[in-house]
Amino acid sequence: MSIRTRFAPSPTGYMHIGNLRTALWAYLIAKKDPEGVFILRIEDTDQGRLVEGATDIIYDTMRECGLKHDEGPDVGGPVGPYVQSERVRSGLYMDYAKKLIRLGGAHYCFCDEKTIEQAKAAKDVTDGNRSYDDPCRLLDPEEAERRAESGEPFVIRQTIPSEGTTSFDDEVFGTITVDNSTLDEQVLIKSDGFPTYNFANVIDDHLMGITDVVRGMEYLSSTPKYNLIYDAFGWDKPRYIHCPPVMKDEHSKLSKRNGDASFQDLMKKGYLPEAVLNYIAMLGWSPENNQEIFTLDELVKAFNVKHIGQNGAIFDPVKLTSINGLWLRGMDPESYFQLVEPYIREAVKKDYDLRKIASGVQQRANTLVEIPPMLDFYDTFPAYSNDLYFNKKMKTNPEISLVSLKECLTALLNLNDWSFDALHETLMALPAKMGIKNGQVLFPLRVAISGKQSTPGGAIEIAEILGKEETLRRLKSSIQQLENQ
RNA sequence: GGCAUAUUGGUGAAGCGGUUCAACACACUGCCCUCUCAAGGCAGCAUUCACGGGUUCGAAUCCCGUAUAUGUCACCA
1 MSIRTRFAPS PTGYMHIGNL RTALWAYLIA KKDPEGVFIL RIEDTDQGRL
51 VEGATDIIYD TMRECGLKHD EGPDVGGPVG PYVQSERVRS GLYMDYAKKL
101 IRLGGAHYCF CDEKTIEQAK AAKDVTDGNR SYDDPCRLLD PEEAERRAES
151 GEPFVIRQTI PSEGTTSFDD EVFGTITVDN STLDEQVLIK SDGFPTYNFA
201 NVIDDHLMGI TDVVRGMEYL SSTPKYNLIY DAFGWDKPRY IHCPPVMKDE
251 HSKLSKRNGD ASFQDLMKKG YLPEAVLNYI AMLGWSPENN QEIFTLDELV
301 KAFNVKHIGQ NGAIFDPVKL TSINGLWLRG MDPESYFQLV EPYIREAVKK
351 DYDLRKIASG VQQRANTLVE IPPMLDFYDT FPAYSNDLYF NKKMKTNPEI
401 SLVSLKECLT ALLNLNDWSF DALHETLMAL PAKMGIKNGQ VLFPLRVAIS
451 GKQSTPGGAI EIAEILGKEE TLRRLKSSIQ QLENQ
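In this text, residue positions in the first sequence follow my numbering: the first is 1, and each later residue adds one.
See below:
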């Protein structure tokens, strides 16, 4: 039987990183199997929490990441509909709930909320048992059904024995066993007739033939209850893959509440979707070899449930930045240029050779948004301090620099072939002639024509791009600035 | 508080009873090198795997306890 996994978000806001990682892993697990199917299901049974446009964000994010689902609301499939609210309308959950009642796995409950609250308040919470002993479970079934039919408000609760234990196997956490007495008889069908997540989830996973349930570990403690439902129906249980959380720091999960980055935010900050995906795949999972850069297809091949860890992984923006830089540097020059052209144009409005600028940038920028600020010197020669000529490593200072720059000026003045090669030949002859290190000429020159200590591309590239006239203008001005000191 | 799960360096982590077991990567530090910075290369960076016991000839790896963290105990998902 081929693998079927699902990503089942509820459209309550934006797509956070932890969610995206769960989607990714579910995708990878499905695609590991050539016949595997990845399904998108929208869980919108909480009508109160729906957020306008949230579904579109889900579609957009998945598309941008290349996480293509084989079945879902927009593409259809054999086991639809794929939106829970639509499934509710068919009465499907209620039918199954009633069936479950007949099978002894659930019962009607007529308790009103006040009663329940009072009962819970009166209960000793430290005894370790379930928080509410529902008296309705003792009701005569015929009687209960009659009351429900007659229009009395009700919910349907799961019926759980108070004795014994329930256990299940999780692919990442192993076998987990709990006492039934600690399991709450949760509501399956709410008084508005909608199923709760707890119920809809089980029904849908079964009806959609989900073989591998991939979800956050916050569901670990409720999984025994789900298995009790599967058992009551006599259904096959899926494999469970509970994912450790993605943390902001040691203490808190990554969340919108904390103002943490969403996928959309990361895009705005100039990261590549491929790099983000690559990075988050490894949050809590590690490959068997030491490979670090993976395309989606490579992840599919390399991914292995056995290597998912059990501890929360801290989302490290610095590491992401480094991975992103690796991706950027690894691109072929033409695609890179297409990608960064808008960012270069943001800073460079004058008529310089953008492709040459791009090739300098490619070796240096780790994110897209850091590009414009490192290029601002092209359009306007910035004011700068002579202190920039101090460089410990190059052993340069304003005095040495002045000497070097004057040499540069005389050499460049007579240079008519302003090509990279000619510039290179001319300028590299200087240090040899003067008996100093290359850097003692080229570093001052870079400062003199860019007004910065570090730039994408070297002094020679910058001079070439700037052109003879502008280079000499800046050079003269810098020499003057040094002499006036 | 009950229950569940976890605890390897600043970070992600490998290792899951025994020939270097504390890999690899990020970050950091130093050096080298290409025309400079960056990138790249090399080197350094946990005598030790939360703590305390135990099992064993031998434990980061198994067991027990303590501490800490996270999750859960909703007519939210």
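Built from N, CA and C at the ideal position, the CB exists for glycine as well.
For H242, write down the residues that DSSP places opposite it in a beta bridge.
H242 is bridged by DSSP to R215.
Given 8 Å as the limit, is there contact between the region 259-268 and the region 22-34, that is, 3 or more CB pairs closer than that?
no
Express the C-alpha separation of G284 and K253 in angstroms, rounding to a whole number.
13 Å
Quick one: is N201 buried, meaning 16 or more other Cβ sit within 10 Å of its Cβ, or exposed?
buried
On the three-pair Cβ rule with 8 Å, is the region 364-372 touching the region 317-337?
These segments touch.
Expressed to the nearest angstrom, what Euclidean distance is found between the alpha-carbon atoms of R4 and S150?
41 Å
Where does Y96 fall in DSSP's three states?
helix
Our contact map puts P244 next to Q310 with C-beta atoms below 8 Å; I'd like the distance itself, whole angstroms only.
6 Å
What residue range is occupied by the uninterrupted beta strand (DSSP E) comprising Q158?
V155 to Q158
Going along the chain, which residues of its own chain have a beta-carbon closer than 6 Å to the beta-carbon of Q158, five neighbours each way excluded?
A106, E185, Q186 and L188
Pull up the DSSP beta-bridge partners for D179, would you.
T165
Do N129 and I160 have their C-beta atoms closer together than 9 Å?
no
Please state whether the Cβ-Cβ distance between A54 and Y108 is less than 9 Å.
no
Can you name the start and end residues of the beta strand (DSSP E) that F7 belongs to?
R4 to F7
Taking the alpha carbon of G18 as the reference point, which residue from T396, D417 and M282 has its own alpha carbon closest?
Nearest option by C-alpha distance: M282.
Going by beta-carbon coordinates alone, are R446 and K452 separated by less than 9 Å?
yes
Give me the Cα-Cα distance between A313 and L20, rounded to the nearest whole angstrom.
14 Å
Quick check: L24 and L67, are their CB atoms within less than 9 Å of each other?
Note that the C-beta distance between L24 and L67 is below 9 Å.
Could you give the distance in angstroms between the alpha-carbon of Y219 and the alpha-carbon of H242?
Using only the alpha carbons, I get a separation of about 8 Å.
Could you name each continuous alpha helix (DSSP H) segment of 4 residues or more that falls completely within the region 12-85, going from the start of the chain to the end?
17-31 and 54-65, all fully within the region 12-85.
Which residues in the same chain as L442 place their Cβ atom closer than 6 Å to its Cβ, once the five residues preceding and following it in sequence are excluded?
Excluding residues within five positions, the ones whose Cβ falls inside 6 Å are A459.
How far does the alpha helix (DSSP H) with V336 in it reach, from first residue to last?
Inspection of the sequence shows that residue 336 is occupied by Tyr rather than by Val. Counting along the chain, the alpha helix (DSSP H) containing Y336 begins and ends at P333 to A347.
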